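Novice: In the numbering used here, the protein residues as written are 9 to 224.
Before we start, here is the structure in question, set down as structure tokens.
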């Protein structure tokens with residue numbers, strides 16, 4: 009397959025993914041960004057400021073692994089968060105970033121990492137074989153300094169491993185996979201897990217027994 013053929017296929021895949029995630033409410037307004045590796049030195053990525061539910065072929069562009077445009081268009085402001093992952097792990101073939109309400113809420117109420125365990129849908133994530141597993145999703149502070157944020161992510165991964173995902177506080181969720189299908193499976197499973205996590209903690213607060221009830 010030529011790089012041109014790979015780009016055409018990647019553009020079609022990113023358009024399809026954009027519509028699916030937008031329909032689920034994970035990409036409001038013109039938020040979110042998606043990318044797919046083309047080869048060792050290039051990837052296709054969504055153009056900055058485009059509605060992800062209405063993506064067209066012209067809304068997908070090519071960049072190198074330093075985040076530089078190869079066709080004159082302006083990539084997502086968070087492009088370096090995508091290329092950091094591609095450079096770090098050559099097995100990563102696609103990166104998806106969503107802006108769901110629950111991801112933002114969870115990120116604003118957790119310091120350090122979100123820990124999720126005991127749920128069947130954990131098995132949707134690559135390498136997890138049982139619900140009796142614990143998933144750690146680190147939470148990074150939001151900043152407009154994307155270079156610094158990418159460095160923070162890279163340092164965390166050097167210490168803890170690449171993992172499956174991370175959150176940016178008050179912002180959204182990043183996840184990835186070997187290809188578009190795996191990345192989509194991961195991001196949908198993670199959005200479910202974060203939704204569960206938020207509701208689980210709501211229930212703990214709203215239904216915490218009173219002192220009288222505890223005394224029985």
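All C-beta atoms in this analysis are idealised placements derived from N, C-alpha and C, irrespective of residue type, glycine included.
Computed from a predicted model, the values in this text were never measured in an experiment.
1. Can you tell me whether residue 189 is helix, strand or coil according to DSSP?
2. What are the start and end residues of the beta strand (DSSP E) that includes residue 157?
3. Residue 129 lies in the beta strand (DSSP E); which residues open and close that run?
4. Let me check understanding here. Comparing Cα to Cα, which of 30, 40, 59, 63 lies closest to residue 18?
5. With 16 other CB atoms within 10 Å as the buried threshold, where does residue 218 fall?
6. Around the C-beta of residue 105, are 16 or more other C-beta atoms found within 10 angstroms, so that it is buried, or is it exposed?
7. Distance check for residue 196 and residue 224, CA to CA, integer angstroms please.
8. Please work out which residues of its chain come closer than 8 Å, Cβ to Cβ, to residue 116, disregarding the five sequence neighbours upstream and downstream, and give them in chain order.
9. With burial defined as no fewer than 16 other Cβ atoms inside 10 Å of the residue's Cβ, what is the status of residue 45: buried or exposed?
Specialist: According to the structure shown:
1. For the purposes of this step, residue 189 is taken as the residue at position 181 of the chain shown. In the structure shown, residue 189 sits in a helix (DSSP, three-state: H, G or I).
2. Against the chain shown, residue 157 aligns to sequence position 149. Segment 154 to 168 is the alpha helix (DSSP H) holding residue 157; no beta strand (DSSP E) there.
3. The count along the chain shown starts at 1 and reaches residue 129 at position 121. Residue 129 -> no beta strand (DSSP E), and no H or E assigned at all.
4. Residue 18 sits at position 10 when you count from the first residue of the chain shown. For residue 18, the nearest C-alpha among the options comes from 63.
5. Along the chain shown, read from residue 1 onward, the residue named residue 218 stands at position 210. In this prediction, residue 218 scores a pLDDT of 42, lower than 50, which makes its location untrustworthy; the coordinate-derived value is nonetheless stated afterwards. With fewer than 16 neighbouring CB atoms inside 10 Å of its own CB, residue 218 falls in the exposed class.
6. For the purposes of this step, residue 105 is taken as residue 97 along the chain shown, with counting starting at 1. It is buried - the Cβ of residue 105 has at least 16 other Cβ atoms within 10 Å.
7. One-based indexing of the chain shown puts residue 224 at position 216. One-based indexing of the chain shown puts residue 196 at position 188. Note on residue 224: pLDDT 36, under 50, position unreliable in the model; the coordinate value appears next. In a straight line, the C-alpha of residue 224 is about 42 Å away from that of residue 196.
8. Taking the chain shown and counting its residues from 1, one reaches residue 116 at position 108. Listed in chain order, the non-local C-beta contacts of residue 116 below 8 Å within the same chain comprise 177, 178, local neighbours out to five positions each way being set aside.
9. Indexing the chain shown from 1 puts residue 45 at position 37. Result: buried.
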